[in-house]
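Residue numbers (my numbering), protein chains in the order written: chain C, 10 to 121; chain F, 8 to 123.
Written as structure tokens, this is what we have:
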């Protein structure tokens, strides 16, 4: 069964304490893996798309990497404003349509 | 540029009723997708509209339907509401389908529906 699992469910860090969030997936065919950030009371905000193993994308303090079975979202020297729920989703489609499978998310709390 | 707007933001209905939710995409965006978000199931894709045509559909029963108008605004309808339909319903827009396939979607704040 196609599945996307995120870990940990929640992560509390001190400001400046770097860490990584994990998104592991089991799908029959991966077309793309997406990372989003969701703040309370808001819709998800797009961060990155990764297409193939070995690919990396960076944005400010965030860096996303992809292997054949999982993706990591590395957060370097986080600030309180990085606190949010981080979601990953996988597109398993092979044709012009898409079928996104979403993970449950990791709630990240950065304490000042 | 104004973001994606959804109305209403909050809604309370009773079982058996029907509900219509509205989404206005970012100006110039022609693709609109709908998602359901619940604590237990997370985010689940409902359907996608582009140029007034449904292009893609998730695994939801026929009680869930939608449409898109010529100005790209979209509505979602749920008939015969069930308790399990309580959720945050999110709308997302993109300029073209290519951006949707690349994950570049702009989400609205959602409509929180409570079914009693």
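Backbone N, C-alpha and C fix where the C-beta goes; we use that ideal spot for every residue, glycine too. For clarity, every value in this text was computed on a predicted model and none was experimentally measured.
Interface residues of chain C around residue i at Cβ under 8 Å?
i	result
residue 43(F)	The contacting residues do not exist; residue 43(F) stays about 11 Å from chain C at best.
residue 62(F)	106
Can the beta-carbon of residue i be found closer than 8 Å to that of residue j?
i	j	result
residue 42(F)	residue 81(F)	no
residue 98(C)	residue 77(C)	no
residue 27(C)	residue 85(C)	yes
residue 33(C)	residue 14(C)	yes
residue 117(F)	residue 95(F)	yes
residue 28(F)	residue 52(C)	no
residue 95(C)	residue 117(C)	yes
residue 25(F)	residue 86(F)	yes
residue 89(C)	residue 119(C)	yes
residue 31(F)	residue 107(F)	no
residue 87(C)	residue 39(C)	no
residue 65(F)	residue 55(C)	no
residue 50(C)	residue 49(F)	no
residue 107(C)	residue 84(F)	no
residue 40(F)	residue 99(F)	yes
Under 7 Å Cβ-Cβ, which residues of chain C neighbour residue i?
i	result
residue 115(F)	52
residue 112(F)	55
residue 97(F)	52
On the DSSP bridge list, what partners appear for residue i?
i	result
residue 67(F)	In DSSP, residue 67(F) forms no bridge with anything.
residue 54(F)	41(F), 64(F)
residue 38(C)	Beta-bridge pairing links residue 38(C) to no other residue.
residue 93(C)	117(C)
residue 29(C)	83(C)
residue 21(C)	118(C)
residue 13(C)	34(C)
residue 120(F)	18(F), 94(F)
Taking residue i as the query, report the chain F residues whose CB atoms sit under 8 Å from its CB, ordered along the chain.
i	result
residue 43(C)	110
residue 113(C)	49
residue 58(C)	109, 110, 111
residue 22(C)	Correct list: empty, because the minimum Cβ distance to chain F is about 23 Å.
residue 117(C)	The premise fails here: residue 117(C) is roughly 16 Å from chain F at the closest Cβ pair, so nothing lies under 8 Å.
Taking C-beta pairs closer than 9 Å, name the residues in chain C that residue i reaches, listed in chain order.
i	result
residue 39(F)	Within 9 Å Cβ-Cβ: nothing; residue 39(F) doesn't reach chain C, min ~13 Å.
Quick one: what's got a C-beta closer than 6 Å to residue i's C-beta in the same chain, skipping five residues either side?
i	result
residue 121(F)	19, 93
residue 83(C)	29, 72
residue 19(C)	116
residue 57(C)	44, 66, 73
residue 150(F)	Residue coverage of chain F in this structure runs from 8 to 123, which leaves residue 150(F) outside it and unanswerable.
Give the residues of chain F in contact with residue i, contact being defined as C-beta atoms less than 9 Å apart.
i	result
residue 35(C)	Within 9 Å Cβ-Cβ: nothing; residue 35(C) doesn't reach chain F, min ~16 Å.
residue 93(C)	In chain order: nothing, as chain F lies at least about 13 Å away.
residue 96(C)	49, 50
By the criterion of Cβ-Cβ separation under 7 Å, what are the contact partners of residue i in chain F?
i	result
residue 73(C)	The contacting residues do not exist; residue 73(C) stays about 12 Å from chain F at best.
residue 109(C)	52
residue 82(C)	Under the 7 Å cutoff, chain F gives no residues; its nearest Cβ is about 14 Å from residue 82(C).
Please go through the same chain and pick out, in chain order, the residues whose beta-carbon is closer than 8 Å to the beta-carbon of residue i, but skip the five residues on each side of it.
i	result
residue 10(F)	33, 113, 115
residue 64(C)	74, 75
residue 92(C)	117, 118, 119
residue 44(F)	50, 51, 94, 95, 96, 97, 117
Kindly list the residues whose CB is nearer than 7 Å to the CB of residue i, restricted to its own chain and excluding five residues on each side of it in sequence; keep chain order.
i	result
residue 80(C)	32, 42, 59, 73, 74, 97
residue 67(F)	53
residue 6(F)	The shown model of chain F, from 8 to 123, leaves out residue 6(F), and the question about it has no answer.
* To do: Would you be able to state if there are at least three C-beta pairs under 8 Å between the segment 54 to 68 of chain C and the segment 12 to 20 of chain F?
  => no
* **Meets three-Cβ-pair contact criterion under 8 Å: the segment 66 to 86 of chain F and the segment 102 to 110 of chain F** => no
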